[in-house]
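In this note's numbering, the protein residues as written are 1 to 396.
Ideal Cβ placement from N, Cα and C applies to all residues, glycine included.
Here the structure is a predicted model, which is why all the values come from computation and not from measurement.
These notes are about the structure you will find just below.
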Ligand SMILES: NC(=O)c1ccc[n+]([C@@H]2O[C@H](COP(=O)([O-])OP(=O)(O)OC[C@H]3O[C@@H](n4cnc5c(N)ncnc54)[C@H](O)[C@@H]3O)[C@@H](O)[C@H]2O)c1
């Protein structure tokens, strides 16, 4: 029997959890919001009230709708209260596997048999969490972007045992919430967006490490010449250097040399507690607001290099049957504000040109991230060069 999702429980009312609870409530779902103390829950509700107030101020919703949304959220420290009659449980606690597994096992015991359990994890294995339950077919990844109230992308991750029905329900649910879901067909580390972004960050770190260009030169080129909303170092500061470092480590463990971390760029700052915007200092000093990046430096870094490694990683995702080109392109545009997706870029630029750039960089620096994937080689051999040949990542 197929149950409609009406009641939701969100476990963890932190940065992501409170925003996610708000999105559900704004779309009419009743939400049990769970955390470990009343104090944390009180703060979460205050943040939700503040955010709803902003929506009203900007005339995106009416005051009565904001009040109604707030009234649909029931904060509690009691799992049973929130989970006992939930159709969907979303876990958004800190990124620790043991904690998440414990919560999945607890929720599995308390929730009705039909309940779907999803995790908002950015890096951890969905399949491992699923195996802590007796219903791995009803466990999936539902990865939101920060801030959930404003970001429209959701990565839906299919674990090893996730059923097609569960995947379809989470995709439909994401759409019902007004979001754009992209499907990550395999439970791989970094999923789609963080994997592509991870390699692009790494390319920038190595360039800086080799003293070819400084931080501001790279960022100015990326922003003003490349048309990206932020430079890579600025974005890294914004995400949090601790998070970027952690993701980088996970990617290296999962994919080896292609994600070889650059030794002395991010790690020393993390050790010093310079974690980016949230601590006031990272690569930049944020004490006076967003860093001012000089336009004059916009030719100091070759942005084609960022694109080349992004295209290469995208092609690995396709080669491994993790994602379709459309999903990758949508993910990069909605998740990180890229002016176009890497597959669209490659098809426009010419896949032969991108591979030529990768070969040139690989010859010069020897790093694996520049070594073209088997898929790119295959495309070249078949004459699939992008738009100009009528076929590339897409058909024209
Ligand atoms: N912050 C981001 O930008 C971002 C983006 C996407 C995904 N994520 C992922 O979302 C998850 C949460 O991240 P966050 O940034 O919101 O973390 P956070 O630290 O802000 O919030 C986590 C919350 O979980 C609560 N918690 C801890 N143990 C708990 C338990 N046993 N039961 C109930 N609540 C408990 C904490 O008190 C805290 O309020 C992580 O898996 C993270 O990787 C984060």
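Just checking residue 250 against ligand 1 - is the residue's beta carbon closer than 8 Å to any of the ligand's heavy atoms? Counting from 1 along the chain shown, the entry for residue 250 is found at position 250. No, the Cβ of residue 250 stays beyond 8 Å of every heavy atom of ligand 1.
Just to confirm, are residue 174 and residue 142 a CB contact at a threshold of 9 Å? As a first step, residue 174 must be located in the chain shown, where it is residue number 174. As a first step, residue 142 must be located in the chain shown, where it is residue number 142. Yes, they are a contact pair.
Please report the straight-line C-alpha distance between residue 267 and residue 245, rounded to a whole angstrom. Within the chain shown, residue 267 is the residue found at index 267, counting from 1. Within the chain shown, residue 245 is the residue found at index 245, counting from 1. Residue 267 and residue 245: Cα-Cα distance of roughly 7 Å.
With distances taken between CB atoms, is the gap from residue 139 to residue 8 smaller than 9 Å? In the chain shown, counting from the first residue as 1, residue 139 sits at position 139. In the chain shown, counting from the first residue as 1, residue 8 sits at position 8. In this structure, residue 8 does not lie closer than 9 Å to residue 139 by Cβ.
Between residue 99 and ligand 1, is the CB less than 8 Å from at least one heavy atom? For this step, residue 99 is matched to residue 99 along the chain shown. Answer for residue 99: yes, Cβ within range of ligand 1.
Going by the DSSP bridge assignment, what does residue 386 pair with across the sheet? As a first step, residue 386 must be located in the chain shown, where it is residue number 386. Paired residue(s): 391.
Three-state secondary structure assigned by DSSP to residue 236: The sequence position of residue 236 within the chain shown is 236, counting from 1. Helix at residue 236.
Say the cut is 8 Å; is the CB of residue 37 nearer than that to a heavy atom of ligand 1? Within the chain shown, residue 37 is the residue found at index 37, counting from 1. Yes.
I need the straight-line Cα distance from residue 353 to residue 347, nearest angstrom please. Residue mapping note: residue 353 aligns to position 353 of the chain shown, counting from 1. Residue mapping note: residue 347 aligns to position 347 of the chain shown, counting from 1. Spanning the two alpha carbons is a distance of roughly 10 Å.
Check whether the segment 180-196 and the segment 11-24 touch, using three or more Cβ-Cβ pairs below 8 Å as the test. no
Looking at the secondary structure, which residues open and close the beta strand (DSSP E) in which residue 142 lies? Against the chain shown, residue 142 aligns to sequence position 142. Its beta strand (DSSP E) spans residues 139-144.
Start and end residues, alpha helix (DSSP H) containing residue 119: Start at 1 with the first residue of the chain shown, and residue 119 comes out as number 119. Not the alpha helix (DSSP H): residue 119 falls in the beta strand (DSSP E), residues 116-119.
Any Cβ of chain D within less than 9 Å of the Cβ of residue 124? The displayed structure is made up of one protein chain only, and chain D is not part of it.
In terms of alpha-carbon separation, which member of 282, 186, 305, 361 lies closest to residue 324? Stepping through the chain shown from its first residue, residue 324 is reached at position 324. Of 282, 186, 305, 361, the residue nearest in Cα terms is 186.
Taking all protein chains shown into account, do 16 or more other C-beta atoms lie within 10 angstroms of the C-beta of residue 94, making it buried, or fewer, making it exposed? Start at 1 with the first residue of the chain shown, and residue 94 comes out as number 94. Flag for residue 94 reads exposed.
Taking three-plus beta-carbon pairs below 8 Å as touching, is the segment 152-166 in contact with the segment 186-201? yes
Starting from residue 306, follow the alpha helix (DSSP H) in both directions and report where the run begins and ends. In the chain shown, the residue the question calls residue 306 occupies position 306. Unbroken alpha helix (DSSP H) run through residue 306: 303-319.
Suppose contacts are defined by Cβ-Cβ distances below 9 Å. Is residue 199 in contact with residue 258 by that definition? Working through the chain shown from its first residue, we reach residue 199 at position 199. Working through the chain shown from its first residue, we reach residue 258 at position 258. Yes.
So, at 8 Å on beta carbons, what are the nonlocal neighbours of residue 70 in its own chain, with the 5 sequence-adjacent residues on each side left out? Your numbering for residue 70 matches position 70 in the chain shown. For residue 70, where only same-chain residues beyond five positions count, the Cβ hits under 8 Å are 25, 45, 48, 49, 52.
If you drop the 5 nearest sequence neighbours on each side, which residues of the same chain put their C-beta closer than 6 Å to that of residue 1? The sequence position of residue 1 within the chain shown is 1, counting from 1. A caution first: residue 1 carries a pLDDT of 46, below 50, which makes its placement in the model too unreliable to give a value.
Unbroken alpha helix (DSSP H) runs of length 4 or more, entirely within the segment 174-243: which are they? 193-209, 215-220, 232-239
Just how far apart, CA to CA, sit residue 193 and residue 169? Stepping through the chain shown from its first residue, residue 193 is reached at position 193. Stepping through the chain shown from its first residue, residue 169 is reached at position 169. Residue 193 and residue 169: Cα-Cα distance of roughly 22 Å.
Candidates 97, 171, 291, 36: closest to residue 77 by CA position: Mapped onto the chain shown, residue 77 falls at position 77. Measuring from the Cα of residue 77, the nearest candidate turns out to be 36.
Quick one: any contact between the segment 121-137 and the segment 96-106, if contact means 3 or more CB pairs under 8 Å? yes
Check: residue 130 C-beta below 8 Å from any heavy atom of ligand 1: Numbered from its first residue, the chain shown carries residue 130 at position 130. Not under cutoff, so the answer is no.
Looking at residue 81: is its Cβ nearer than 9 Å to the Cβ of residue 111? What you label residue 81 is simply residue 81 of the chain shown in a count that begins at 1. What you label residue 111 is simply residue 111 of the chain shown in a count that begins at 1. Against a cut-off of 9 Å, the Cβ pair of residue 111 and residue 81 comes out as no contact.
Beta carbon of residue 94: closer than 8 Å to some heavy atom of ligand 1? Numbered from 1 along the chain shown, position 94 holds the residue referred to as residue 94. Yes - ligand 1 has a heavy atom lying nearer than 8 Å to the Cβ of residue 94.
Secondary structure at residue 161, three-state DSSP: helix, strand or coil? Taking the chain shown and counting its residues from 1, one reaches residue 161 at position 161. Coil, per DSSP.
Within the chosen definition, does the segment 215-230 reach the segment 298-315 through at least 3 CB pairs nearer than 8 Å? yes
Just curious, the beta strand (DSSP E) that residue 33 is in, first and last residue? Taking the chain shown and counting its residues from 1, the one referred to as residue 33 is at position 33. Unbroken beta strand (DSSP E) run through residue 33: 30-34.
Ligand 1 heavy atoms versus the CB of residue 282: any closer than 8 Å? In the chain shown, residue 282 corresponds to position 282, counting from 1. The answer is no for residue 282.
N-terminal and C-terminal residue of the beta strand (DSSP E) that residue 73 is part of: Position 73 of the chain shown, counted from the start, is the residue given in the question as residue 73. Segment 73-76, the beta strand (DSSP E) holding residue 73.
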